[in-house]
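A.B. asks:
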DNA sequence: TTGTATGCGTTATCAA
DNA sequence: TTGATAACGCATACAA
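Right under this line is the structure:
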């Protein structure tokens, strides 16, 4: 297929490439010319060659999105929010999966830089920021989403995980539980630390002594979720309630409970994290902390667009979005 | 950030841009020059400007992926397969969501063409092919995934849905059921037609008369799934078993069953489609037809890569992947 | 406001 | 094998 160029348009409209180019970029053009150019463009089915334009302008109208794991509900919903927003601003998304691997993250980030993206939205694998600082130092806008990075000055949009976890645990306490376990995530991940802190703060505020044996830490995986739940349930003095601090962990923990033939709320009280696709299929439905997933994506995208336009005000900006909690009979009322 | 160019490399390595370019494209270069060029590249942290290269070669090493709905397990897993394969071949993915809307599909397809992608993988919204034929006629490779299109000569990779549905229904019949309902999808979608056909064939082969009142057709949505199940359960003479022919429909149907407080297998026999993330959390686990999701993505990607390399042999190639069925106690044994 | 000419970084053609 | 150079399609500085 041979595409029409700006030259063809100029010829057909009896103007010059300069005029056509100016028309295309929204400059003022005599209305007679404008009309003829528009006709020619329609006639030739012309569209701008983004490569040529990019070569001149050093802009690609493309944003790189790097996610540690595509295959999960949460990531996808965040992505949808971004896709929509960036689409509205005329940006395309190049999407990559870092497969929860910091080396892949480095590599893909380099790939994106080489592909000349105008900006990057990153959900980082873990607390490691040197390679990101490199990008920022080179003037490439980066917005973190879901997770911040210690000692890295970078824009970000995250959920208020401390508060989400706090309210979950406070709810459990208010229903009369004293022995409350937590399945926490890997402590080199921002959200995992925050959620553990929320748990600890709630216990402290309600004067409940922390029992270290009730704090299980694992990766953000299904396996760690079931492993953690097995561990807690196998304790000599098991907790009466468990707070599980991530999507995959929640699925895994529920699997362990179901596997043991136990009933939520009756045999073990349970508070999970993130909306399960099938939350209504489980009896009773599961109490969870729900994040503003779409907003997370939208706001990250909007912030990035602002940066790409050259507005660097307030750097680093961090948005912290409120979470909601859904409380059900999966947490038994002891009082 | 100011990127080094091939010119800088030529200067530093005391060769010419021609030689450097040839080196970069794998042609033969005297080994002394090769060494000096490699040093210079490292020294300057040079990487090829894909815009300039694309402008010359008319290739972007980018593939457009258009999916009717990002936010579902099935799509994502297919996408992961594609991402991995295309990554191996040095292609980036531009991912778009057509939001189950044929106009959006048209629009995004145009956008991708304008962005000069080298090829497109499309999961079409429905049975409409003119806009796709346009692309093919213009020499842009397109591979359909999951769904073919009537009267459109186009490469594709799909599951053998007829067979999947057939075996599901045959399994139900072999467990002694005679009154078997189906929640079918929209008949302008390839997979929906195929799965309905599988159902009908199985009934025919086992000499069971088709009762039209047991055939419910709806969109591929959760709402249609629960609506369909409500309808079937509300019949004067309801079916003893129901085959549900899509992921969303399955979720919706299960929701209706759970909502009525009925138990799978005991009160109603059930066979769904696609792996639910939480299939193990439901008691009893649900019988489903499972597709080779990753393979679907991989093979579509591989086929597209072949086409983009210029190998047009066998067009149109259609791969039809086998499905598996998972059979559980959700289908009651009547005999 | 318009037309002309130059350059963005690469590949490909040509002569050496 | 190499170097010099034209071209890819566009945006922009400059002169008009």
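Chains as they are written, first to last, in my numbering: chain A, 1 to 335; chain Z, 336 to 670. Each residue gets a CB set at the ideal place from its N, CA and C atoms; glycine is no exception.
#1: Does any CB atom of chain Z fall closer than 7 angstroms to the CB of residue 280 of chain A?
#2: In the stretch 68–100 of chain A, which residues sit with their C-beta less than 7 angstroms from some C-beta in chain Z, listed in chain order?
#3: On the CB-based measure, 16 or more other CB atoms within 10 Å of its CB, does residue 521 of chain Z come out buried or exposed?
#4: Can you find a CB in chain Z that lies within less than 7 angstroms of the CB of residue 52 of chain A?
#5: From the DSSP output, read off the bridge partner residues of residue 216 of chain A.
#6: Quick one: complete beta strand (DSSP E) runs, 3+ long, within the stretch 615–656 of chain Z?
#7: Mind pulling the chain Z residues with CB within less than 8 angstroms of residue 277 of chain A?
#8: Taking residue 387 of chain Z as the reference, give the member of A:48, A:47 and A:58 with the closest Cα.
#9: Give me the residue from A:250, A:149 and A:115 with the minimum Cα distance to residue 425 of chain Z.
#10: Below 8 angstroms on C-beta distance, what does residue 449 of chain Z contact in chain A?
#11: Where residue 37 of chain A and residue 473 of chain Z are concerned, what is the direct C-alpha to C-alpha distance, given to the nearest angstrom?
#12: If the cut is a Cβ gap below 9 angstroms, which residues of chain Z does residue 304 of chain A touch?
#13: By alpha-carbon positions, which one of A:333, A:328, A:267 and A:260 ends up nearest to residue 285 of chain A?
#14: Note down the Cα distance separating residue 143 of chain A from residue 119 of chain A, rounded to an integer number of angstroms.
#15: Could you check whether the Cβ of residue 589 of chain Z sits closer than 7 angstroms to any Cβ belonging to chain A?
#16: My assumption, with CB atoms under 8 angstroms, is that residue 293 of chain A sits in contact with residue 168 of chain A. Please give the rounded CB distance.
#17: By DSSP, does residue 456 of chain Z sit in helix, in strand, or in coil?
#18: Residue 144 of chain A lies in the beta strand (DSSP E); which residues open and close that run?
#19: On the DSSP bridge list, what partners appear for residue 93 of chain A?
#20: Given that residue 258 of chain A touches chain Z, what residues does it touch there, using C-beta distances under 8 angstroms?
#21: What distance in whole Å lies between the Cβ atoms of residue 150 of chain A and residue 349 of chain A, which are believed to be in contact at a cut-off of 8 angstroms?
#22: Helix, strand or coil: which one does DSSP assign to residue 273 of chain A?
#23: Does any CB atom of chain Z fall closer than 7 angstroms to the CB of residue 344 of chain A?
#24: Pull up the distance between the alpha-carbon of residue 501 of chain Z and that of residue 530 of chain Z, whole angstroms please.
#25: Between Z:456, Z:499 and Z:515, which lies nearest to residue 489 of chain Z when the distance is taken from Cα to Cα?
#26: When the Cα of residue 236 of chain A is compared with those of A:111, A:179, A:274 and A:332, which residue comes out closest?
#27: If you count every other CB in all the chains shown that lies within 10 Å of the CB of residue 440 of chain Z, and 16 or more means buried, which is it?
#28: Which word fits residue 460 of chain Z, buried or exposed, when buried means at least 16 other C-beta atoms lie within 10 angstroms of its C-beta?
#29: Measuring only the C-alpha atoms, how far is residue 397 of chain Z from residue 430 of chain Z?
#30: Using 8 angstroms as the cut-off, can you tell me whether the stretch 346–362 of chain Z makes contact with the stretch 196–207 of chain A, which would need three or more C-beta pairs spanning the two stretches below that distance?
#31: Quick one: using the 10 Å Cβ neighbour count with 16 as the cut-off for buried, is residue 316 of chain A buried or exposed?
#32: Under the criterion of a Cβ to heavy atom distance below 6 angstroms, does residue 230 of chain A qualify as lining the ligand SAH?
C.D. replies: So, to answer that:
#1: Within the first chain, numbered from 1, the residue matching residue 280 of chain A stands at position 280. Yes, because at least one Cβ of chain Z sits closer than 7 angstroms to the Cβ of residue 280 of chain A.
#2: If you check each beta-carbon in the stretch 68–100 of chain A against every beta-carbon of chain Z, the ones closer than 7 angstroms belong to 70, 71, 76, 77, 79, 80, 83, 92, 93, 94, 95 and 97.
#3: The residue given as residue 521 of chain Z occupies position 186 in the second chain. Result: buried.
#4: The residue you call residue 52 of chain A lines up with position 52 of the first chain. Yes, contact with chain Z.
#5: As a position in the first chain, residue 216 of chain A is number 216, starting the count at 1. Partner(s): A:183.
#6: 622–625 and 653–656
#7: Indexing the first chain from 1 puts residue 277 of chain A at position 277. In chain order: 408, 586, 611, 612 and 613.
#8: Here the question's residue 387 of chain Z lines up with position 52 in the second chain. Residue 387 of chain Z has its Cα closest to that of A:58, out of A:48, A:47 and A:58.
#9: To locate residue 425 of chain Z, count along the second chain from 1; it is residue 90. Considering only alpha carbons, the answer is A:115.
#10: Residue numbering aside, residue 449 of chain Z sits at position 114 when the second chain is read from its first letter. Those within 8 angstroms of residue 449 of chain Z in chain A are 47, 48 and 50.
#11: Numbered from its first residue, the first chain carries residue 37 of chain A at position 37. Numbered from its first residue, the second chain carries residue 473 of chain Z at position 138. Their Cα atoms are separated by approximately 24 angstroms.
#12: Taking the first chain and counting its residues from 1, one reaches residue 304 of chain A at position 304. None at all; the shortest Cβ gap to chain Z is about 17 angstroms.
#13: Against the first chain, residue 285 of chain A aligns to sequence position 285. Nearest of A:333, A:328, A:267 and A:260 to residue 285 of chain A, Cα basis: A:328.
#14: Numbered from 1 along the first chain, position 143 holds the residue referred to as residue 143 of chain A. Numbered from 1 along the first chain, position 119 holds the residue referred to as residue 119 of chain A. Whole-angstrom Cα-Cα distance: 8 angstroms.
#15: For the purposes of this step, residue 589 of chain Z is taken as residue 254 along the second chain, with counting starting at 1. Answer yes: the Cβ-Cβ gap between residue 589 of chain Z and chain A drops below 7 angstroms somewhere.
#16: If you number the first chain from 1, residue 293 of chain A lands on position 293. If you number the first chain from 1, residue 168 of chain A lands on position 168. Incorrect: roughly 17 angstroms between the Cβ atoms, too far for contact.
#17: Indexing the second chain from 1 puts residue 456 of chain Z at position 121. DSSP places residue 456 of chain Z in strand when its eight states are reduced to three.
#18: On the first chain, residue 144 of chain A is found 144 positions in, with the first residue counted as 1. Element bounds for residue 144 of chain A: 142–145.
#19: For the purposes of this step, residue 93 of chain A is taken as the residue at position 93 of the first chain. Note: residue 93 of chain A sits in a beta bridge opposite A:63.
#20: For the purposes of this step, residue 258 of chain A is taken as residue 258 along the first chain, with counting starting at 1. Those are 615, 616 and 618, listed as they occur along chain Z.
#21: Outside the displayed span of chain A (1 to 335) sits residue 349 of chain A, for which this structure offers no information.
#22: Residue 273 of chain A sits at position 273 when you count from the first residue of the first chain. It is a strand residue.
#23: Residue 344 of chain A is absent from the model: chain A starts at 1 and stops at 335.
#24: As a position in the second chain, residue 501 of chain Z is number 166, starting the count at 1. As a position in the second chain, residue 530 of chain Z is number 195, starting the count at 1. For residue 501 of chain Z and residue 530 of chain Z, the distance between alpha carbons rounds to 8 angstroms.
#25: For this step, residue 489 of chain Z is matched to residue 154 along the second chain. The residue with the shortest Cα to Cα distance from residue 489 of chain Z is Z:456.
#26: Locating residue 236 of chain A in the first chain gives position 236, counting from the first residue. Closest option to residue 236 of chain A, Cα to Cα, is A:179.
#27: Numbered from its first residue, the second chain carries residue 440 of chain Z at position 105. Buried, by the Cβ-count rule.
#28: The residue labelled residue 460 of chain Z in the question sits at position 125 within the second chain. Buried, since its Cβ has 16 or more Cβ neighbours within 10 Å.
#29: Position 62 of the second chain, counted from the start, is the residue given in the question as residue 397 of chain Z. Position 95 of the second chain, counted from the start, is the residue given in the question as residue 430 of chain Z. Their Cα atoms are separated by approximately 10 angstroms.
#30: no
#31: Within the first chain, numbered from 1, the residue matching residue 316 of chain A stands at position 316. That one is exposed.
#32: The ligand SAH is not part of the structure shown, which contains no ligands of any sort.
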